[in-house]
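Read in order, the letters of the sequence shown are residues 83 to 368 in the numbering used here.
C-beta atoms are modelled at their ideal positions from N, C-alpha and C, and glycine is treated no differently.
Right, one structure below, let's go through it.
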Amino acid sequence: MDRPPLGKTRHRPAPTASRHGLLGVRARDFDLDRAPASPDLAGLVERHWLVRWDLPDGREGSVSLIPHPCVNLFAAGGPVAVAGVGDKVFTYRYSGRGHVFGVKFRPGGFAPFLVGPVARLTGQTRPLAEFWGGADAAGLARDLAAAGPDLGALVAVAEHHLRAHRPAPDPEVERVGRIVRTLLHDRSVLRVDEVAARFGLSPRSLQRLFQRYVGVSPKWILRRYRLHEAAARLAADDGPANWSEVAADLGYFDQSHFIRDFAAAVGMTPAAYADACRRRVQPVSA
């Protein structure tokens, strides 16, 4: 039997992005909802998300996250924008009443919509009009605004427009997805050359594939998913951590490498982060 073309999957592929990444104790002044992509778009889209808040006058909130290796399309009340993979901790500040809706593409899932390597979007936010044209981007913004802060209505609007711009099938997206799922779920994978050999690629070919389709390297993704898990564990743990044990569980050879990677990604050491979480304060302020 023929395999369904990309974007026409009969079932949803396994996740290629973790559900971790928010830093610190979950804030109580905003709501985060997620919704899966429809089966016909699930080969390209990981999920949809909606953040809503309603704060009293004079109060400001913020949320920080370690970005995923995913491109996001998002709308915050103005023109729709495309955010490439973030290369550092991102903090969003909010006040009053509002919401932000987004479409999280799978790693590699935005590449068919883009002419050129996804790496050129890394660390950048660009207007959707650059990719879809001004009229179509404005039409999506208008329809999303009319949907209001209702996740189901927003998802229906976004998927209608995505289908109108559905790119030609690209089998490399599926291959990238299989590799990323291995990086996310297989804890025995510790080195990128192991991944390359498993999928019949040279390390250099694997690097080029990920620069073209994902925007960051496989090594970056492997570290990022391990750090997502580390931050979640530290936020949930009420007692002192055994750093050697945490590092070993996450696949690090020693705790010094883990501590260095965590501090570089989060902006503070694991000990300082865990202490901030126990004191129920916002761990990242920049």
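Pull up the distance between the alpha-carbon of residue i and that of residue j, whole angstroms please.
i	j	result
Leu316	Gln337	15 angstroms
Leu272	His130	30 angstroms
Phe144	Val182	Note on identity: in this sequence residue 144 is Ser, with Phe being the wrong assignment. Near 13 angstroms, if we compare the C-alpha coordinates of Val182 and Ser144.
Gly140	Asp111	14 angstroms
Val197	Val162	19 angstroms
Glu142	Arg179	11 angstroms
Tyr295	Lys301	15 angstroms
Ala318	Thr351	16 angstroms
Ile341	Arg360	18 angstroms
Arg116	Val348	24 angstroms
Ala217	Leu104	34 angstroms
Ser299	His243	30 angstroms
Phe382	Leu203	Outside the displayed span of the chain (83 to 368) sits residue 382, for which this structure offers no information.
Gly205	Asn324	33 angstroms
Arg224	Ala158	12 angstroms
Ala358	Arg245	44 angstroms
Thr91	Pro138	For Thr91, the pLDDT reaches just 44, beneath the cut-off of 50, and the residue's location in the model is therefore unreliable, leaving the point undetermined.
Ala353	Ala211	43 angstroms
Phe281	Arg257	9 angstroms
Asp275	Tyr176	42 angstroms
Pro149	Phe192	16 angstroms
Taking 6 angstroms as the limit between beta carbons, can you name the residues of its chain near residue i, skipping five residues before and five after?
i	result
Arg208	Val164
Asp113	Arg134
Gly184	Trp131, Asn154, Phe156
Val392	As displayed, the chain neither begins before 83 nor continues past 368, which places residue 392 out of reach and without an answer.
Ala229	Ala235, Leu236, Val239
Tyr174	Val145
Ala201	Gln293, Gly297
Which residue or residues does DSSP assign as beta-bridge partners of residue i?
i	result
Trp373	In the structure as shown, the chain begins at 83 and stops at 368. Residue 373 is therefore absent and cannot be evaluated.
Asn154	Ala165, Lys186
Arg179	Asp136
Phe172	Leu147
Leu104	Leu147
What span of residues does the beta strand (DSSP E) with residue i cover, start to end?
i	result
Val145	142–147
Thr264	Looking at the DSSP string, Thr264 is not in any beta strand (DSSP E); the run it does join, the alpha helix (DSSP H), is 253–267.
Arg208	207–209
For the alpha helix (DSSP H) that contains residue i, what are its first and last residues?
i	result
Arg342	337–348
Arg360	352–360
Pro295	Note that residue 295 is Tyr in the sequence shown, not Pro. First-last of the alpha helix (DSSP H) with Tyr295: 285–295.
Gly216	216–229
His242	233–246
Considering only residues of the same chain and omitting the five flanking positions on each side of residue i, which have a CB-CB separation below 8 angstroms?
i	result
Ala240	His130, Leu155, Phe183, Val185, Leu222, Leu226
Arg269	Gly333
Identify, in the order they occur along the chain, each residue of the same chain with its Cβ nearer than 7 angstroms to the Cβ of residue i, setting aside the five sequence neighbours on each side.
i	result
Gly89	With a pLDDT of only 43 at Gly89, under 50, the local geometry of the prediction cannot be trusted, and the value read off the model is given with reservation. Asp122, Leu123, Gly125, Leu126, Arg248, Pro251, listed in sequence order.
Tyr307	Ser100, Leu265, Leu266
Ala278	Ser284, Pro285, Leu288
The ligand NAD and residue i: does any heavy atom of the ligand fall closer than 7 angstroms to the residue's C-beta?
i	result
Ala235	Absence of the ligand NAD is noted for the structure shown, with no ligands found whatsoever.
- Counting pairs of beta carbons, one from the segment 309–328 and one from the segment 151–166, are three or more of them closer than 8 angstroms? no
- Message: Quick test of the definition: if touching needs 3 or more C-beta pairs under 8 angstroms, does the segment 158–169 touch the segment 112–126?
- Response: no
- Please determine if the segment 283–297 and the segment 323–333 are in contact, where contact requires at least 3 C-beta pairs separated by less than 8 angstroms. no
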